[in-house]
Amino acid sequence: MKSLIVIAVALGLGVVTTAPARADLKVATSLTDLASVAQYVGGKHVTAQSLCRGYEDPHFVPAKPSLMKAIQNADVYISTGLELDGGWLPLVLPGSRNPKIQPGAKGFVDASQGVDVLEKPSGTVSRAEGDIHPLGNPHYYLDPKALEVVASHLADVFSGLDPANAADYAANAKQFNERMETSLEKWEKQLEPYKGASIVPYHRNFTYFADRFGLKLFSTVEPKPGIPPSPHYIADLAESMKKSGVTVVTYQPYYNADASNQVAQKAGGVAVEVPSEVGGVKGADDVFSKFDVMVSSIAGALATKAGGTK
Amino acid sequence: MRLRMLACLLAVLVLVPGIAMAQANNSLYSNLANPAIGMNALFTGQAVPTLNQPYGLGFDEAEISLLSVVDPYWTFSSNIVFLADHTVDPEEIWARSVNIPAVQLKLGKLRGTFGKHGLLHTHAFPFIQAPIVMANTIGEEGFKDPGVEAAWLTPLPWYVELTAGAYQAIGVSADNPLDFGSTRHDNIPLLGHLKSLIDVNDATTFELGASALQGRGSDGNVHAAYGGDVTFRNVPARNSNRHGWILQGEYLQKGARSGGSYDREQDGGYASFQYRLSQVWWMGVRGEQARQSVTDFMVDQAGAAVAGTVHRASANIAWTPSEFSFIRLEYSHAKADAGVHPTDDRILLQLSYTIGYHPAHAY
Numbered sequence: 001m002k003s004l005i006v007i008a009v010a011l012g013l014g015v016v017t018t019a020p021a022r023a024d025l026k027v028a029t030s031l032t033d034l035a036s037v038a039q040y041v042g043g044k045h046v047t048a049q050s051l052c053r054g055y056e057d058p059h060f061v062p063a064k065p066s067l068m069k070a071i072q073n074a075d076v077y078i079s080t081g082l083e084l085d086g087g088w089l090p091l092v093l094p095g096s097r098n099p100k101i102q103p104g105a106k107g108f109v110d111a112s113q114g115v116d117v118l119e120k121p122s123g124t125v126s127r128a129e130g131d132i133h134p135l136g137n138p139h140y141y142l143d144p145k146a147l148e149v150v151a152s153h154l155a156d157v158f159s160g161l162d163p164a165n166a167a168d169y170a171a172n173a174k175q176f177n178e179r180m181e182t183s184l185e186k187w188e189k190q191l192e193p194y195k196g197a198s199i200v201p202y203h204r205n206f207t208y209f210a211d212r213f214g215l216k217l218f219s220t221v222e223p224k225p226g227i228p229p230s231p232h233y234i235a236d237l238a239e240s241m242k243k244s245g246v247t248v249v250t251y252q253p254y255y256n257a258d259a260s261n262q263v264a265q266k267a268g269g270v271a272v273e274v275p276s277e278v279g280g281v282k283g284a285d286d287v288f289s290k291f292d293v294m295v296s297s298i299a300g301a302l303a304t305k306a307g308g309t310k
Numbered sequence: 001m002r003l004r005m006l007a008c009l010l011a012v013l014v015l016v017p018g019i020a021m022a023q024a025n026n027s028l029y030s031n032l033a034n035p036a037i038g039m040n041a042l043f044t045g046q047a048v049p050t051l052n053q054p055y056g057l058g059f060d061e062a063e064i065s066l067l068s069v070v071d072p073y074w075t076f077s078s079n080i081v082f083l084a085d086h087t088v089d090p091e092e093i094w095a096r097s098v099n100i101p102a103v104q105l106k107l108g109k110l111r112g113t114f115g116k117h118g119l120l121h122t123h124a125f126p127f128i129q130a131p132i133v134m135a136n137t138i139g140e141e142g143f144k145d146p147g148v149e150a151a152w153l154t155p156l157p158w159y160v161e162l163t164a165g166a167y168q169a170i171g172v173s174a175d176n177p178l179d180f181g182s183t184r185h186d187n188i189p190l191l192g193h194l195k196s197l198i199d200v201n202d203a204t205t206f207e208l209g210a211s212a213l214q215g216r217g218s219d220g221n222v223h224a225a226y227g228g229d230v231t232f233r234n235v236p237a238r239n240s241n242r243h244g245w246i247l248q249g250e251y252l253q254k255g256a257r258s259g260g261s262y263d264r265e266q267d268g269g270y271a272s273f274q275y276r277l278s279q280v281w282w283m284g285v286r287g288e289q290a291r292q293s294v295t296d297f298m299v300d301q302a303g304a305a306v307a308g309t310v311h312r313a314s315a316n317i318a319w320t321p322s323e324f325s326f327i328r329l330e331y332s333h334a335k336a337d338a339g340v341h342p343t344d345d346r347i348l349l350q351l352s353y354t355i356g357y358h359p360a361h362a363y
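Each protein sequence line maps, in turn, to chains H and X. Okay, so the first sequence: first residue is 1 according to our numbering, each after it adds one. Okay, so the second sequence: first residue is 1 according to our numbering, each after it adds one.
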């Protein structure tokens, strides 16, 4: 009996000593990039997890009840905003039955607030143009500068919810932004030789990246947002790429690699898998390494004979 | 007379600028808080030799949905359906609150949380035809009735939801085969539902559900429906809008309790498999059985409905060029042990179009 008690106490102590320190804020996000920024800004006071995985299309996350369960006790929910998560978040958030993170509550954050939004439609919005985003292009997390805005915003939010650690949040956000500025200089140098070069992404999600690094978007592999390419469209696109000397096609792990490869092959170019979200490919473990992978992949493709034409 | 004219002139001088200002200044009548509006229209063509009706394309229904936040405490959702027979059905009009931790409260005209198929809107049916057992137990489109439901997300480590509901007593109708028509003051139909879901792996989920619904009928007896469902669903993360499959089975029964004994009246079920071939193509197969049940081709010489056991197999293929439209073709073969038509073969073609805001369908 005594030995049983000793084992029980030892096990109990083991649990106590091996349990991680309890974070002050449980944060959930729509995107891995937002979780990465939130973790950096929150530091030891925050545990951040993303509902969408880095290799999953953020437009089409299945609204699984297990996602609702995952955020049942979250203190903060960080939405991408601009309706990128509009196809699934309206089911998942109320399904969590967590009043703290519903829109309008202090724990709900629209991460796009304060970001300079590109490609805001002017005039009438029509789905004749495909599954467009009526509030503007939501892929702002492909611009390192936009993530600096997000980091500062999150520091304010976390400070409001957890004033005791406000100084840490502010310091972390400052450090994040400084590191991002330094990294940005490095990435700009890497892509400097290719300024003005054109690329063809699968989806219109590279607008912010191209804008930041001086690249041009020649077209997209999908004819319109959300509409898969037909063989005829692929042939036409490849032909026009050939005529214009455009040879680099980019796609994400969740897009149709076959269609991207067909376009590149017909155009005499290369198709490269590039992560647009943290966790999209091996090595893209946080927002900094994601941009490292993106920049080196694109620079590498543009440097090849096939991809070097401006 | 002059005085009256002067008064009229003064009134015009005072009112006209006010009206003009109101028209010019949109902020007086802001539309910023207008609800999200969407509409879906369904058209079905069918060729059914056993039915005494011409082949061709018909209008099924147009569903208008309005959705908005009411205030910090409630959100409002409505689906109003315009039917082919020129009637309007306020199918669902309810308010929801998630202000109580772990609980979702819904009240209004609800689609009762019973089973799996009974929760679907017509345009979200996986097959053009609802399983025959539906119309014979809880209603082709599920149990729709004014009431209140509370759904508790339990603190268990995986998703387990318990729902309790109380509804208005209603009698049998074309939409509602359940007799809850007793006028006794204590006749409040009650519902209980359990839903449990776990992630089997990165892509596949396993869901189990159980439902019960009962109330007092116009004959004074307790009438009830029971159901159980099981679903495996696969959505590969790297191909979430190109591949995946759903394997589902559901059993439902309806009965009545009198003198201490329970009599099963109708029952049946289905098993279906849907497979996503690509971003734009889906296919599905389904087998089903319904006992002591009626369906459109089970009639006697005079054309009156007769009950029996019916088996049906269906297969369909759908082309969904975008999230907002689809065209699907379905073939079904049915065998019945009652009526003048021992078998039924039919081909159906359905077209669905959605405009405006349409909330995502439940997983």
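Glycine included, every Cβ here is placed at the ideal spot set by N, Cα and C.
Here's the rule: buried if 16 or more other CB atoms are within 10 angstroms of the residue's CB, otherwise exposed. What is residue 220 of chain H? buried
Leaving aside the five residues before and after residue 159 of chain H along the sequence, list all residues of the same chain whose C-beta is less than 6 Å from its C-beta, in chain order. 166 and 169
Assign residue 22 of chain X to one of three DSSP states: helix, strand, or coil. Since pLDDT at residue 22 of chain X reaches only 47, below the 50 mark, its modelled position is unreliable, and no value is offered.
Taking residue 267 of chain H as part of the alpha helix (DSSP H), name the residues at either end of that continuous run. First-last of the alpha helix (DSSP H) with residue 267 of chain H: 257-267.
Short of 9 Å Cβ to Cβ, which residues in the stretch 99-133 of chain X face chain H? 99, 100, 101, 102, 103 and 104
Starting from residue 252 of chain H, follow the alpha helix (DSSP H) in both directions and report where the run begins and ends. Run containing residue 252 of chain H: none; DSSP gives neither H nor E here.
Are any of the Cβ atoms in chain H nearer than 8 Å to that of residue 326 of chain X? So, not an interface residue.
So, for residue 62 of chain X: in the same chain, excluding its five sequence neighbours on each side, which residues have a beta-carbon less than 8 Å away from its beta-carbon? If we look at residue 62 of chain X and ignore the five residues flanking it on each side, its Cβ neighbours are 39, 40, 41, 42, 81 and 82.
Can you name, in chain order, every residue of its own chain whose Cβ lies under 8 Å from the Cβ of residue 125 of chain X, other than the five neighbours on each side? 117
Quick one: is residue 53 of chain X buried, meaning 16 or more other Cβ sit within 10 Å of its Cβ, or exposed? Residue 53 of chain X is exposed by the Cβ-count criterion.
With a threshold of 7 Å, establish whether the CB of residue 223 of chain X neighbours any heavy atom of the ligand NAD. This structure lacks the ligand NAD, and indeed carries no ligand of any kind.
Contacting positions in the stretch 47-73 of chain H - beta carbon closer than 8 Å to chain X: Contacts with chain X (Cβ-Cβ distance below 8 Å) from the stretch 47-73 of chain H involve 53, 55, 56, 57, 59, 60, 61, 62, 63, 64, 65, 66, 68, 69 and 72, listed in chain order.
From the DSSP output, in three-state form, read off residue 162 of chain X for me. DSSP places residue 162 of chain X in strand when its eight states are reduced to three.
At 9 Å on the CB atoms, spell out the chain X contacts of residue 91 of chain H, in chain order. 359, 360, 361, 362 and 363
For residue 188 of chain H, name the three-state secondary structure that DSSP assigns. helix
In whole angstroms, what is the alpha-carbon distance linking residue 295 of chain H and residue 64 of chain X? 47 Å
Residue 52 of chain H versus residue 321 of chain X - alpha carbon distance: Taking the CA atoms as reference points, residue 52 of chain H sits about 24 Å from residue 321 of chain X.
What does residue 187 of chain H reach in chain X if we use C-beta pairs closer than 9 Å? What residue 187 of chain H touches in chain X: nothing, since even the nearest Cβ is about 26 Å away.
Close Cβ partners of residue 102 of chain X (< 8 Å) along its chain, the five nearest in sequence each way excluded: 152, 153, 154 and 155
Which residue's Cα is closest to the Cα of residue 84 of chain H: H:112, H:138 and H:100? H:138
If we cut at 8 Å on Cβ distances, does residue 21 of chain H have a partner in chain X? Model confidence at residue 21 of chain H stands at a pLDDT of 49, short of 50, so the residue's coordinates are unreliable and nothing is read from them.
Contact with chain H by residue 322 of chain X, beta-carbon distance below 8 Å: Among the residues facing chain H, residue 322 of chain X is included, as its CB has a counterpart in that chain under 8 Å away.
When DSSP labels each residue in this structure, what does residue 129 of chain X get in the three-state scheme? coil
Round the Cβ separation of residue 128 of chain X and residue 145 of chain X to the nearest angstrom and send it over; I've been treating them as touching at under 8 Å. Wrong, their Cβ atoms sit about 25 Å apart, outside the cutoff.
Could you name the residues of the stretch 141-157 of chain X whose beta carbon sits closer than 7 Å to any beta carbon of chain H, in the order they occur along the chain? 153
Interface partners of residue 72 of chain X on chain H, CB under 8 Å: 104
Cα-Cα separation, residue 74 of chain X to residue 87 of chain H: As the crow flies, the alpha-carbon of residue 74 of chain X is around 21 Å from that of residue 87 of chain H.
Assign residue 127 of chain H to one of three DSSP states: helix, strand, or coil. helix
How is residue 67 of chain H classed by DSSP in three states: helix, strand or coil? helix
Simplified DSSP assignment, three categories, for residue 26 of chain H: strand
State buried or exposed for residue 193 of chain X, treating a residue as buried only when at least 16 other CB atoms are found within 10 Å of its CB. buried
What residues in the stretch 123-136 of chain H have a beta carbon less than 9 Å from any beta carbon of chain X? 127, 130 and 131
Taking only the alpha-carbon atoms, compute the straight-line gap between residue 352 of chain X and residue 326 of chain X and give it to the nearest angstrom. 5 Å
Return yes when the Cβ of residue 50 of chain X is within less than 8 Å of the Cβ of residue 206 of chain X, no when it is not. no
Tell me, please, whether the CB atom of residue 197 of chain X is closer than 8 Å to any CB atom in chain H? yes
For chain H, find out if any of its Cβ atoms is closer than 8 Å to the Cβ of residue 205 of chain X; answer yes or no. Residue 205 of chain X counts as touching chain H.
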